[in-house]
Every structure is written in C-alpha cells, then in structure tokens.
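**Student:** Those sequence lines, one after another, are chains W and Y. Here the first sequence stands for residues 1 to 196, numbered as in full-length UniProt numbering. Here the second sequence stands for residues 1 to 196, numbered as in full-length UniProt numbering. Note that beta-carbon positions come from the ideal geometry of N, C-alpha and C, so glycine has one too. Let me give you the structure first, and then I'll get to my questions.
Number of protein chains: 2
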Amino acid sequence: MTDARLARQIAFLLEIDGLKSVLRQSHLIDLSRRENDAEHSWHLAMLAVVLGEYATEEVDQAKVIRMLLIHDLVEVYAGDTFLYDTRGVAEQEERERAAADRLFPQLPDDQAVALRRLWDEFEERRTPDARFARALDRVQPLLLNFYTRGASWRAHRVTKAQVLARRQLIEDGSPALWEYIQVMIDEAVRRGYLLP
Amino acid sequence: MTDARLARQIAFLLEIDGLKSVLRQSHLIDLSRRENDAEHSWHLAMLAVVLGEYATEEVDQAKVIRMLLIHDLVEVYAGDTFLYDTRGVAEQEERERAAADRLFPQLPDDQAVALRRLWDEFEERRTPDARFARALDRVQPLLLNFYTRGASWRAHRVTKAQVLARRQLIEDGSPALWEYIQVMIDEAVRRGYLLP
Ligand SMILES: [Ca+2]
C-alpha cells in the first residue's frame, strides 16, 4: 500500500462502488426492485457485446464498451435523472459536469484525462462510437419497460409521444434497432403499457 | 420484432437480466446490502480499465473486459458459489458447465460459440488475458472485504491461511497487485477483520 499511484487507483475504484446504490427508474425484469446504475452499466456493456452488428457505421466495440462502463460514473455524485423529468434534465448537464470535474481527477493524471475524454465523447456524441453507445443507453430501458409490462411508463404516465420525441438518439446510432423498438412501442400502446 | 436473429439476441439479453438477482457474499462498501453478480461484473470491468498496467504479461484489455463481463453469466442458472465453501466449490465446475451448455446456445450460433470460447478461456486460465482476468476476480472481493472491515470474512470466520491458500491466482496474474493485497491481508489480521 505504499505505491501512491496504485493507492489512488484503488481509492477511485472504491469511490465508484457508490454507483451500485444509485437507483434508476427501470425495474428488473422479475419486477423485484428497481435497477441501479452499476447493473445498468453492465447490462449496456452486454448489449454492446451482443448487438454491435446493428451500429449505423462501423464502431470500435472495445471503445463503445469502455464508454458504457463509465458513462454513468458521474451519477455517483450527481444522482440519476429520469429521462422524462423535464426540469431535472435541464439542470442535469451542469450537475454532471461538476461531478465529472470532481470524480475523474481522483485518478492519476493520465487516466483522469483519458476517462474524462471518453466521457465527454459519449456526452457530445460526435463520433460513431458515441452515437451507438448513446443509442444502446436508450434501448436498454425501453426493453426493461416493455418486459415489465410498462412498470415505469405506467408509474410516470408516460405517453407514446414522449417516447417518440426521444427517438433520434436511437435512430442515429442504429436504424435497425430503432425499427425493432418502433414495433415494440406500438405493441406497448396496444397492450396498455404506454399511453397513446 | 420479425428478425429472428435479433429476437434471439434480445431474448438472451433479457435472460441475463437475472444476474442482477444473484447475490454474492461480498457487501457493498457502504454496508447497505450484499453485492450481486451484475454489479460485481461491472466493477471487475472497471478494475480492468484502471489496473491494466499491473498485468504480469501484456494483455488485450478489450478481451479481458469482455471476459469479465461474461465470466459470471452461467450463475444465472448455477448460482454463486462462495470461495470458501469447500463442498460447493467441488461441485461448482460441473454445475457451471451445465449452465453454460444451457445459456450460450440461446444466442445465434456464431455468438454462442464466441462467448462460450471466451468463457472457457477464463475458466482454463491458459492465456495471459485469462490469468489477469482471474486475478482481478480475486482482488475485487478482497478489496470489498477489507473496506467493509471484513464483513464477509467475519461472518464466515475466514482465516488468513484460507485467504493465502488462494493466493496463486492473484500472483500468477499480477505480482504487483499481489504485493499490495499481501500488505492489506496482514493489516486485516492486525485490525481483527480476518482470523490469524
Ligand atoms: Ca463467480
């Protein structure tokens, strides 16, 4: 425990343990409880492993996975913002940027810079990798919602129009997945999971 | 939802949602509850992102991360086996192999073969990538244990000798991390987290 670099890295890895306690609005498929950010990040990385072939443009899978693993780290300080919470979403950017300024510098400088750059790339979605990662980040909660019979949609009285208003991120990153999701959304309305 | 390949991939991604409900013996740092396999897998992938420089031999980081993301998938059927449960560990291999035979073929053939191969590689630890991944899989619960003042060690009356008996996996994958962990184990005994 004498190496200062390793000690900082370990301290960072302990700090982000807090992500396991940041609850999201999505429910687990078995409806036993709500999902947390750490599980969500793992599940997204698995989506990247399995669904990589549906990216609009060729992507660097390894980078997409790293991006998804770290994309929610800032929520260890900033908390989760529900997609359909309009006020929360407005302040979210500032809150998350402040959290990033606080979190990443806890790593040794080279890693702090590298992870911050990766997080910024995800946020700015100017690269194919970021656009695909962002699409998966939208697809996963839709899947959980549909397969829990709209548990969080119904709790928040979400409408089809609200879901469609956020379609662009999915469409940009993966037209194929958007096509699939579109059918699912219509089916969700038919089944009463989602308000028309 | 008409594309059969995509439908199989989505079904697999929903099936592995069950990993979020497989509890391990480790406790979260804040001691609020026990950790589950999905969170553990995410945390391990983050260890691979941050601690890659300590691998014995040069590793393919992307592959190590993929390996760690999927290494516990079989526990969706086989459940978690506590490291110090001698009887459980003896039957574990067979149980997990049966679970792998059941789980991976739910994916399209090409992906079933690729993920099974990756899982086998982790299990057999014949490559530097697998040895480093296995070392991280041992290091993470030790960290959680130490920083929860030995919560699961104390619950199971684990001794230093029991921990040391399993040192080889860490030493093989990362002598530098083993050196750090060794100091931590002695400190754990001094503090009464671990029986001498
Ligand atoms: Ca395990």
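Can you pull the chain W neighbours of Y/Ser21, defined as C-beta to C-beta under 8 Å?
**Tutor:** Here residue 21 of chain Y refers to the residue found at position 21 when the second sequence is read from its first residue. Result: Leu28, Asp30, Ser32.
**Student:** What did DSSP end up calling Y/His156 once you bin it into helix, strand or coil?
**Tutor:** Here the question's residue 156 of chain Y lines up with position 156 in the second sequence. Looking at Y/His156 - three-state DSSP - the assignment turns out to be coil, as it is neither helix nor strand.
**Student:** Just how far apart, CA to CA, sit Y/Val163 and Y/Leu194?
**Tutor:** In the second sequence, counting from the first residue as 1, residue 163 of chain Y sits at position 163. In the second sequence, counting from the first residue as 1, residue 194 of chain Y sits at position 194. Each residue's Cα considered, the two are about 9 Å apart.
**Student:** From W/Met1 to W/Leu69, what does the alpha carbon distance come to, in whole angstroms?
**Tutor:** As a first step, residue 1 of chain W is located in the first sequence; it is residue number 1 there, counting from the start. As a first step, residue 69 of chain W is located in the first sequence; it is residue number 69 there, counting from the start. Residue confidence for W/Met1 is low, a pLDDT of 43 falling below 50, so the modelled location carries little weight and cannot support an answer.
**Student:** Determine the chain W residues that contact Y/Ser174 at a beta-carbon separation under 9 Å, and present them in chain order.
**Tutor:** Position 174 of the second sequence, counting from 1, holds the residue named residue 174 of chain Y. Chain W residues near Y/Ser174: none, gap ~11 Å exceeds 9 Å.
**Student:** State the start and end residues of the unbroken alpha helix (DSSP H) segment that holds W/Ser41.
**Tutor:** Your numbering for residue 41 of chain W matches position 41 in the first sequence. Note, W/Ser41: alpha helix (DSSP H), 37-51.
**Student:** Can you give me the Cβ contacts of W/Lys63 inside the same chain, cut-off strictly under 6 Å, excluding the 5 residues immediately before and after it?
**Tutor:** Indexing the first sequence from 1 puts residue 63 of chain W at position 63. The answer, listed in chain order, is Asp129.
**Student:** On the three-state DSSP scale, how would you describe Y/Arg33?
**Tutor:** Along the second sequence, one-based indexing puts residue 33 of chain Y at 33. Y/Arg33 falls in the coil class under three-state DSSP.
**Student:** Spell out whether any CB of chain W is found under 8 Å from the CB atom of Y/Ala100.
**Tutor:** Position 100 of the second sequence holds residue 100 of chain Y. Not an interface residue.
**Student:** W/Arg66 CB to nearest chain Y CB: under 8 Å?
**Tutor:** By 1-based counting over the first sequence, the position of residue 66 of chain W is 66. Yes, because at least one Cβ of chain Y sits closer than 8 Å to the Cβ of W/Arg66.
**Student:** Nearest to Y/Leu142 by alpha carbon, out of Y/Arg95, Y/Arg166, Y/Val50?
**Tutor:** Walking along the second sequence from the start, residue 142 of chain Y turns up at place 142. Y/Leu142 has its Cα closest to that of Y/Arg166, out of Y/Arg95, Y/Arg166, Y/Val50.
**Student:** So what does DSSP say about Y/Leu23, is it helix, strand or coil?
**Tutor:** Within the second sequence, the letter at position 23 stands for residue 23 of chain Y. The answer is strand: DSSP assigns Y/Leu23 an E or B state.
**Student:** Please determine whether the Cβ atom of Y/Glu187 lies at a distance below 7 Å from any heavy atom of ligand 3.
**Tutor:** Ligands displayed in this structure: ligand 1; ligand 3 is not among them.
**Student:** Any idea what DSSP makes of Y/Leu28, helix, strand or coil?
**Tutor:** Within the second sequence, numbered from 1, the residue matching residue 28 of chain Y stands at position 28. Correct three-state label for Y/Leu28: coil.
**Student:** Would you mind reading off the limits of the alpha helix (DSSP H) that contains Y/Gln9?
**Tutor:** Sequence index remark: in the second sequence, residue 9 of chain Y carries index 9 (1-based). 4-15 is the span of the alpha helix (DSSP H), which, as asked, contains Y/Gln9.
**Student:** Shorter than 8 Å from the beta carbon of Y/Ala133 to some beta carbon of chain W?
**Tutor:** The count along the second sequence starts at 1 and reaches residue 133 of chain Y at position 133. By this cut-off, Y/Ala133 is not an interface position.
**Student:** Quick one: Cα of Y/Ile185 to Cα of W/Ile10, how far?
**Tutor:** Taking the first residue of the second sequence as 1, we reach residue 185 of chain Y at position 185. Taking the first residue of the first sequence as 1, we reach residue 10 of chain W at position 10. Roughly 15 Å between the two C-alpha positions.
**Student:** Buried or exposed: which applies to Y/Gln168, given that a residue is buried once 16 or more other Cβ atoms fall within 10 Å of its Cβ?
**Tutor:** Counting from 1 along the second sequence, the entry for residue 168 of chain Y is found at position 168. So Y/Gln168 ends up on the exposed side.
**Student:** So is W/Phe12 in contact with chain Y if we call contact Cβ pairs under 8 Å?
**Tutor:** Locating residue 12 of chain W in the first sequence gives position 12, where the first residue counts as 1. So yes, W/Phe12 belongs to the interface.
**Student:** Along chain Y, in chain order, which residues have C-beta atoms closer than 8 Å to that of W/Tyr180?
**Tutor:** What you label residue 180 of chain W is simply residue 180 of the first sequence in a count that begins at 1. Ordered by position in chain Y, the residues that pass the 8 Å Cβ test against W/Tyr180 are Met1, Asp3, Leu6, Ile10.
**Student:** For a contact meaning CB atoms closer than 7 Å, what does W/Ser41 contact in chain Y?
**Tutor:** Within the first sequence, the letter at position 41 stands for residue 41 of chain W. Result: Trp42.
**Student:** Y/Ala55 lies in the alpha helix (DSSP H); which residues open and close that run?
**Tutor:** Sequence index remark: in the second sequence, residue 55 of chain Y carries index 55 (1-based). Note, Y/Ala55: premise wrong, no alpha helix (DSSP H); not H, not E.
**Student:** In chain order, what residues of the same chain have a beta carbon less than 8 Å from the beta carbon of Y/Arg116, not counting five sequence neighbours either side?
**Tutor:** The residue given as residue 116 of chain Y occupies position 116 in the second sequence. So the list reads Ala100, Phe104, once near-sequence residues are dropped.
**Student:** When we look at the beta-carbon of Y/Gly192 and count the other beta-carbons within 10 Å, is it buried (16 or more) or exposed?
**Tutor:** Position 192 of the second sequence, counted from the first residue, corresponds to residue 192 of chain Y. Exposed.
**Student:** Answer yes or no: does any C-beta atom of chain W fall closer than 8 Å to that of Y/Val89?
**Tutor:** For the purposes of this step, residue 89 of chain Y is taken as residue 89 along the second sequence, with counting starting at 1. Answer no: the Cβ-Cβ gap between Y/Val89 and chain W never drops below 8 Å.
**Student:** On the three-state DSSP scale, how would you describe W/Leu73?
**Tutor:** As a first step, residue 73 of chain W must be located in the first sequence, where it is residue number 73. Coil, per DSSP.
**Student:** Say whether chain W places a C-beta atom closer than 8 Å to the C-beta of Y/Leu194.
**Tutor:** Taking the first residue of the second sequence as position 1, residue 194 of chain Y is located at position 194. Cβ-Cβ to chain W under 8 Å: no for Y/Leu194.
**Student:** Distance, Cα to Cα, W/Arg190 vs W/Ala78?
**Tutor:** Numbered from its first residue, the first sequence carries residue 190 of chain W at position 190. Numbered from its first residue, the first sequence carries residue 78 of chain W at position 78. Computed Cα separation, rounded: 36 Å.
**Student:** Check whether the Cβ atoms of Y/Glu39 and W/Ala38 lie closer than 8 Å to each other.
**Tutor:** Position 39 of the second sequence holds residue 39 of chain Y. Position 38 of the first sequence holds residue 38 of chain W. It is a contact, given that the beta carbons lie within the stated cut-off.
**Student:** Please determine, among Y/Leu6, Y/Val183, Y/Leu47, Y/Leu19, the residue with the shortest C-alpha to C-alpha distance to Y/Ala135.
**Tutor:** Translated into the one-based positions of the second sequence, residue 135 of chain Y becomes position 135. Per the Cα distances, Y/Leu47.
**Student:** By DSSP, does Y/Glu96 sit in helix, in strand, or in coil?
**Tutor:** Here residue 96 of chain Y refers to the residue found at position 96 of the second sequence. Here Y/Glu96 sits in helix by DSSP.
**Student:** Is it the case that the Cβ atoms of W/His43 and W/Gln140 are separated by a distance below 8 Å?
**Tutor:** For the purposes of this step, residue 43 of chain W is taken as residue 43 along the first sequence, with counting starting at 1. For the purposes of this step, residue 140 of chain W is taken as residue 140 along the first sequence, with counting starting at 1. Contact flag set, yes.
**Student:** Mind listing the chain B neighbours of W/Leu143? Cutoff is C-beta to C-beta under 8 Å, in chain order.
**Tutor:** You won't find chain B in this structure, because its protein chains are W and Y.
**Student:** Terminal residues of the continuous alpha helix (DSSP H) containing Y/Gln111?
**Tutor:** By one-based count along the second sequence, residue 111 of chain Y stands at place 111. Y/Gln111 -> alpha helix (DSSP H) spans 109-124.
**Student:** Report buried or exposed for Y/Arg24, applying the criterion of at least 16 other Cβ atoms within 10 angstroms of its Cβ.
**Tutor:** Counted from its first residue, the second sequence places residue 24 of chain Y at position 24. Buried, because 16 or more other Cβ atoms sit within 10 Å of the Cβ of Y/Arg24.
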